[in-house]
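Worksheet for the structure shown next.
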Amino acid sequence: MLAKVAIDLALDRLFTYEVPEALQKKLAVGQLLSVPFGHREARGFAVEVGANGTQDLRRETLDARGLTSKVSSPKFKLRPITAIVDETPFFSEKLLELVKKTASYTASPIESVLRAALPAAVLKRSARAKELLFVEKRDQGLGIRDQGLTQRQKWLVENIERLGGGWLQQLCRELKTTPASLKTLSEKGLITIEVRAKRRDPLANRRILPTKPLPLNEEQKRALEAIEGEDLRRETGDARQGEDFRRKTLDGSKVSRLTSSRPVLLFGVTGSGKTEVYLQAIAKELAAGRGAIVMVPEIALTPQTVSRFASRFGDRVAVLHSALSDGERYDEWHRIRSGEARVVVGPRSAVWAPVRDLGLIVVDEEHEPSYKQDELPRYHARDIAVLRGAVEGVRVVLGSATPSLESWMNVKRGKYELVEMRSRAGAGTLPSVRLVEMKGGSIFSPELLEAVHLRLDRHEQVILFLNRRGYSTSAVCASCGYVVTCPACGVAYTYHRADSCLRCHVCGGWVPVPATCSQCRSSAFDFRGIGTQRAEAALQKCFPRATVLRMDADSTSRKNSHDDLLSAFRRGEADILLGTQMIAKGLDFPNVTLVGVLNADASLNLPDFRAGERTYQLLAQVAGRAGRAELPGEVIVQTRDSDAPVMKSVLRGDFADFATEELAARKECFLPPACHLALIGFRSKDLKQVSNWATMYAKSLQRLKDVRVSDATPGALEKADGWYRWQIVLRAVSASAIVRAWRWISAERPVPGGLRVSFDIDAFSIL
Ligand code: ADP
Ligand code: ZN
Ligand code: ZN
Numbered sequence: 025m026l027a028k029v030a031i032d033l034a035l036d037r038l039f040t041y042e043v044p045e046a047l048q049k050k051l052a053v054g055q056l057l058s059v060p061f062g063h064r065e066a067r068g069f070a071v072e073v074g075a076n077g078t079q080d081l082r083r084e085t086l087d088a089r090g091l092t093s094k095v096s097s098p099k100f101k102l103r104p105i106t107a108i109v110d111e112t113p114f115f116s117e118k119l120l121e122l123v124k125k126t127a128s129y130t131a132s133p134i135e136s137v138l139r140a141a142l143p144a145a146v147l148k149r150s151a152r153a154k155e156l157l158f159v160e161k162r163d164q165g166l167g168i169r170d171q172g173l174t175q176r177q178k179w180l181v182e183n184i185e186r187l188g189g190g191w192l193q194q195l196c197r198e199l200k201t202t203p204a205s206l207k208t209l210s211e212k213g214l215i216t217i218e219v220r221a222k223r224r225d226p227l228a229n230r231r232i233l234p235t236k237p238l239p240l241n242e243e244q245k246r247a248l249e250a251i252e253g254e255d256l257r258r259e260t261g262d263a264r265q266g267e268d269f270r271r272k273t274l275d276g277s278k279v280s281r282l283t284s285s286r287p288v289l290l291f292g293v294t295g296s297g298k299t300e301v302y303l304q305a306i307a308k309e310l311a312a313g314r315g316a317i318v319m320v321p322e323i324a325l326t327p328q329t330v331s332r333f334a335s336r337f338g339d340r341v342a343v344l345h346s347a348l349s350d351g352e353r354y355d356e357w358h359r360i361r362s363g364e365a366r367v368v369v370g371p372r373s374a375v376w377a378p379v380r381d382l383g384l385i386v387v388d389e390e391h392e393p394s395y396k397q398d399e400l401p402r403y404h405a406r407d408i409a410v411l412r413g414a415v416e417g418v419r420v421v422l423g424s425a426t427p428s429l430e431s432w433m434n435v436k437r438g439k440y441e442l443v444e445m446r447s448r449a450g451a452g453t454l455p456s457v458r459l460v461e462m463k464g465g466s467i468f469s470p471e472l473l474e475a476v477h478l479r480l481d482r483h484e485q486v487i488l489f490l491n492r493r494g495y496s497t498s499a500v501c502a503s504c505g506y507v508v509t510c511p512a513c514g515v516a517y518t519y520h521r522a523d524s525c526l527r528c529h530v531c532g533g534w535v536p537v538p539a540t541c542s543q544c545r546s547s548a549f550d551f552r553g554i555g556t557q558r559a560e561a562a563l564q565k566c567f568p569r570a571t572v573l574r575m576d577a578d579s580t581s582r583k584n585s586h587d588d589l590l591s592a593f594r595r596g597e598a599d600i601l602l603g604t605q606m607i608a609k610g611l612d613f614p615n616v617t618l619v620g621v622l623n624a625d626a627s628l629n630l631p632d633f634r635a636g637e638r639t640y641q642l643l644a645q646v647a648g649r650a651g652r653a654e655l656p657g658e659v660i661v662q663t664r665d666s667d668a669p670v671m672k673s674v675l676r677g678d679f680a681d682f683a684t685e686e687l688a689a690r691k692e693c694f695l696p697p698a699c700h701l702a703l704i705g706f707r708s709k710d711l712k713q714v715s716n717w718a719t720m721y722a723k724s725l726q727r728l729k730d731v732r733v734s735d736a737t738p739g740a741l742e743k744a745d746g747w748y749r750w751q752i753v754l755r756a757v758s759a760s761a762i763v764r765a766w767r768w769i770s771a772e773r774p775v776p777g778g779l780r781v782s783f784d785i786d787a788f789s790i791l
């Protein structure tokens with residue numbers, strides 16, 4: 025018997041071992057093993073297990089990129105596995121299948137995917153369950169042996185019973201006693217003191233009030249039916265036929281869902297009650313003995329979001345996110361694997377949660393860029409969720425008020441089922457949206473200033489939103505707002521300071537900065553946006569008596585400061601919240617009646633093919649912030665380009681219209697989702713080396729027929745921390761053609777030390 029093992033050393037291949045007799049019965053895929061490696065022992069996961077006779081297993085080793093390589097020579101003697109470290113597998117067969125598919129789709133080493141799928145804390149010795157002494161009253165205690173007890177001792181035993189026991193240290197503090205006195209009681213047989221694992225609960229200090237399901241409105245009912253519908257039909261359908269369709273889960277006990285069910289795109293305006301629909305869909309899964317995963321963008325993973333799930337499902341909820349301690353993560357992960365926790369709430373990594381008898385995966389705000397991981401393995405968690413749904417035969421729900429064009433196209437192609445919710449579920453109506461055309465260099469329009477004054481007078485709150493442009497810049501005419509754009513790709517040129525020219529990052533073409541604007545003949549181009557600090561200063565000047573909270577990457581770098589700032593604003597400690605993209609989503613402030621967008625164009629002018637889509641999403645999400653409670657809301661959008669189709673669609677709140685137009689434009693220019701797009705990134709401290717290699721890669725790849733390859737260009741941020749960056753963009757209808765091209769070139773032309781190359785399939789942006 026042989027086993028293929030992934031060893032956590034980023035070796036990008038699997039190693040084959042002999043399985044000794046003694047281990048053959050116990051060995052299973054997903055187990056953590058100890059194996060000889062060189063002159064030492066290494067740990068690794070069993071990824072494949074097969075009989076000795078399987079020639080495939082012996083002679084070919086499938087490496088993590090999916091390339092097969094022959095095991096050295098026939099004389100090569102396989103070494104035996106030393107031991108099984110943990111008999112309970114860390115990965116189910118299904119999860120391993122998902123890991124392998126992810127590794128091959130993203131061209132990432134399988135170990136990197138395994139590492140992403142299993143929190144490091146789970147394997148850390150230091151994170152192991154914390155064991156403490158627990159004190160409890162013995163069942164047949166007092167009464168039989170209470171003679172000879174002092175008043176004080178009787179009182180202690182009674183109180184230990186009243187409290188239902190407790191941790192030794194805590195009890196001593198509460199009952200003002202000592203461990204020695206309790207030990208005496210235990211020797212008398214009145215109480216027990218034993219070692220127990222103490223759960224490290226991330227929600228321990230949170231007050232969570234239980235909630236009941238709300239009666240659903242018509243739209244919500246339809247959404248819920250769509251999510252569970254097919255399943256019900258199936259279960260009540262022809263029994264014989266049903267039997268063929270049903271598949272057993274790993275332990276063979278429960279019937280799991282069908283693979284054939286399509287993902288549902290729940291397209292509901294902000295506040296339409298999507299979360300309530302998720303909650304009730306999950307409740308049904310729990311009632312049927314199945315579990316669920318709820319993914320939310322990292323930034324929306326606020327205490328309020330988690331509380332909504334914990335309030336409904338109590339201890340059955342496990343939370344996984346980056347702010348957990350190792351101990352909390354260890355305990356939460358084990359609670360999920362053991363089946364004690366049935367509902368997992370977390371960011372993109374939650375897609376790997378080892379939930380038992382999984383029945384449903386929810387991806388909330390499915391359009392959010394934070395679902396894409398920007399380090400190895402560069403997977404998109406929404407896509408992995410859909411893949412997991414197919415692999416495990418569970419239903420996937422993607423929710424958003426502004427769906428990604430990828431998902432929208434999948435609806436159009438019949439791959440996803442669309443359910444719409446157009447009206448708000450709770451109090452409040454959608455706010456009115458007003459566009460204000462900006463002239464000159466001012467930050468605030470008279471209309472916005474007046475509206476802010478009005479709110480301050482009424483003691484209502486205001487959110488002002490500054491669309492930041494970050495490091496990447498485009499050339500914007502300072503007088504008319506025209507943006508210089510690549511005619512072939514329809515994407516704004518990126519301004520490169522080093523040689524002051526404009527480059528298109530899709531095709532690699534370039535032009536010098538024009539002397540005058542082609543629209544208005546003015547000669548001044550603006551390459552930078554307004555910063556939050558400048559806006560804050562201007563705001564203080566206009567409203568000296570108002571309290572302003574500024575929220576951006578600088579003001580929220582401290583842990584928890586994000587939550588602290590938002591709580592302070594919620595408590596009414598400030599009149600105006602000024603911030604970047606950060607404040608655009610997931611927040612619910614009842615007293616906010618005005619939202620102002622200071623520079624709507626900044627993201628529209630980004631030299632990226634998703635600029636229009638991102639702008640629509642940001643504006644729609646921002647608009648959703650105002651007037652969520654009883655007070656009516658108003659949104660003022662300042663723009664230099666009120667004729668842009670995006671602005672008009674936002675004004676009408678017409679996503680479908682926008683999406684149709686944008687999809688047509690993407691198709692026209694051969695951009696995602698009409699194709700797949702990948703980015704090859706080069707980094708080096710040596711400018712010559714990076715440009716030579718990028719150029720050479722581009723030239724070689726351009727000879728391929730099935731992939732469209734750009735010229736090499738410097739990155740939007742050409743140099744950072746002493747590293748020069750260049751890139752190439754690859755486009756093709758099929759993702760696998762791109763991955764094949766990458767595998768070919770990286771094997772053909774391995775780069776020298778000092779040069780780092782990365783590959784990002786379905787790159788979120790080309791900046
Ligand atoms: P979304 O997730 O779509 O933004 P939420 O689920 O947060 O919307 O719901 C918005 C508000 O409407 C919340 O305050 C919620 O409690 C309320 N709500 C949701 N469903 C109902 C319902 N059926 N009846 C009354 N209020 C509801
Ligand atoms: Zn102009
Ligand atoms: Zn171009």
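In our numbering, each residue's number is its place in the sequence shown (first place is 1) plus 24.
In this text, a Cβ means the ideal position worked out from N, Cα and C, and glycines have one as well.
| task | Would you mind stating whether residue 734 and residue 752 have Cβ atoms separated by less than 9 Å? | result | Cβ distance < 9 Å, so residue 734 and residue 752 count as in contact.
| Distance, residue 508 Cα to residue 545 Cα | Cα to Cα, the separation comes out at about 13 Å.
| query | In terms of alpha-carbon separation, which member of 709, 746, 740 and 755 lies closest to residue 700? | reply | Checking every option, the nearest Cα to that of residue 700 belongs to 755.
| query | Residue ranges of each beta strand (DSSP E) run of no fewer than 3 residues wholly in the stretch 382 to 461, ordered along the chain? | reply | The stretch 382 to 461 contains these whole beta strand (DSSP E) runs: 382 to 387, 419 to 424, 441 to 445 and 456 to 461.
| task | Report yes if the C-beta of residue 236 is less than 8 Å from at least one heavy atom of ligand 1; otherwise report no. | result | Outside the cutoff, so no.
| Sorted by chain position, which residues of the same chain lie with C-beta nearer than 8 Å to residue 229's C-beta, five sequence neighbours on each side aside? | The answer is none, since no qualifying residue turns up.
| query | Can you pull every residue whose C-beta falls closer than 6 Å to some heavy atom of ligand 2, listed in chain order? | reply | Every residue passing the under-6 Å Cβ criterion appears here: 501, 503, 504, 506, 541, 543, 544 and 546.
| field | Rounded separation between residue 308 and residue 443 - CA only | value | Their backbone Cα atoms lie some 19 Å apart in a straight line.
| query | What separation, rounded to the nearest whole angstrom, lies between the Cα atoms of residue 289 and residue 152? | reply | Going by the C-alpha atoms only, they are around 40 Å apart.
| Coarse secondary structure for residue 360, derived from DSSP in three states | Correct three-state label for residue 360: helix.
| request: State yes or no: is the C-beta of residue 512 nearer than 8 Å to some heavy atom of ligand 3? | output: Yes, since a heavy atom of ligand 3 falls inside the 8 Å radius drawn around the Cβ of residue 512.
| Just to confirm, are residue 330 and residue 227 a CB contact at a threshold of 9 Å? | It is a contact, given that the beta carbons lie within the stated cut-off.
| message | Distance check for residue 27 and residue 426, CA to CA, integer angstroms please. | response | Looking at the backbone, the Cα of residue 426 and that of residue 27 are separated by about 46 Å.
| field | Stretch-stretch touch, CB-based, cutoff 8 Å, three pairs: the stretch 706 to 719 with the stretch 536 to 543 | value | No: the two stretches stay apart, fewer than three of their Cβ pairs being nearer than 8 Å.
| Among 183, 498, 73 and 432, the one whose alpha carbon lies nearest that of residue 632 | Nearest C-alpha to residue 632: 498.
| For residue 758, which three-state DSSP category applies? | Here residue 758 sits in coil by DSSP.
| said: Quick check on the burial criterion: 16 or more other C-beta atoms within 10 angstroms. Buried or exposed for residue 248? | reply: Taking every protein chain shown into account, the CB of residue 248 has 16 or more other CB atoms within 10 angstroms, so this residue is buried.
| message | According to DSSP, residue 737 sits in a beta bridge with which residue or residues? | response | Beta-bridge pairing links residue 737 to 751.
| query | For residue 529, which of helix, strand or coil comes out of DSSP? | reply | Residue state for residue 529 is assigned as coil, using DSSP reduced to three classes.
| query | Residues in its own chain within less than 7 Å of residue 790 by CB, not counting five upstream and five downstream? | reply | So the qualifying residues of the chain are 529, 530, 632, 633, 703 and 753.
| said: Quick check: the Cα distance between residue 527 and residue 518, rounded to an integer number of angstroms? | reply: Rounded to the nearest angstrom, the two C-alpha atoms are 5 Å apart.
| Taking three-plus beta-carbon pairs below 8 Å as touching, is the stretch 118 to 132 in contact with the stretch 174 to 186? | No contact exists between the stretch 118 to 132 and the stretch 174 to 186.
| said: ligand 1 and residue 334: does any heavy atom of the ligand fall closer than 8 Å to the residue's C-beta? | reply: Answer for residue 334: no, Cβ out of range of ligand 1.
| said: I'd like to know if the stretch 349 to 366 and the stretch 295 to 303 are in contact, where contact means that at least 3 CB-CB pairs between them fall below 8 Å. | reply: Contact check between the stretch 349 to 366 and the stretch 295 to 303: fewer than three CB pairs, one atom from each, fall below 8 Å, which does not count as touching.
| task | Decide if the stretch 620 to 627 is in contact with the stretch 472 to 492; the criterion is three or more beta carbon pairs, one per stretch, under 8 Å apart. | result | Yes, the stretch 620 to 627 is in contact with the stretch 472 to 492.
| field | Extent of the continuous beta strand (DSSP E) to which residue 663 belongs | value | Per DSSP, the unbroken beta strand (DSSP E) holding residue 663 starts and ends at 658 to 663.
| query | Pick from 556, 598, 375 and 312: whose alpha carbon is nearest that of residue 343? | reply | Residue 375 is the option with its Cα nearest to residue 343.
| task | Could you tell me the boundaries of the alpha helix (DSSP H) in which residue 477 lies? | result | Looking at the DSSP string, the run of the alpha helix (DSSP H) that includes residue 477 is 470 to 481.
| field | Burial state of residue 768 (16 or more Cβ within 10 Å) | value | Exposed, because fewer than 16 other Cβ atoms sit within 10 Å of the Cβ of residue 768.
| request: Report yes if the CB atom of residue 108 is closer than 9 Å to the CB atom of residue 50, and no otherwise. | output: For residue 108 and residue 50, yes; Cβs fall inside 9 Å.
| task | Would you mind stating whether residue 459 and residue 319 have Cβ atoms separated by less than 9 Å? | result | The Cβ atoms of residue 459 and residue 319 do not sit closer than 9 Å to each other.
| task | With residue 636 as the anchor, note down where its alpha helix (DSSP H) starts and where it stops. | result | Counting along the chain, the alpha helix (DSSP H) containing residue 636 begins and ends at 635 to 647.
| said: Rounded to the nearest angstrom, what separates residue 445 and residue 243 at their Cα positions? | reply: So the alpha carbons of these two residues sit roughly 6 Å apart.
| said: Relative to the C-alpha of residue 401, which candidate in 71, 124, 114 and 317 has its C-alpha closest? | reply: Among 71, 124, 114 and 317, the Cα nearest to that of residue 401 belongs to 124.
| request: May I ask you to check if the CB of residue 299 is nearer than 8 Å to at least one heavy atom of ligand 1? | output: Residue 299 has its Cβ nearer than 8 Å to a heavy atom of ligand 1.
| said: Just to confirm before moving on: does the CB-CB distance between residue 766 and residue 714 stay below 9 Å? | reply: Not a contact, by the Cβ cut-off of 9 Å.
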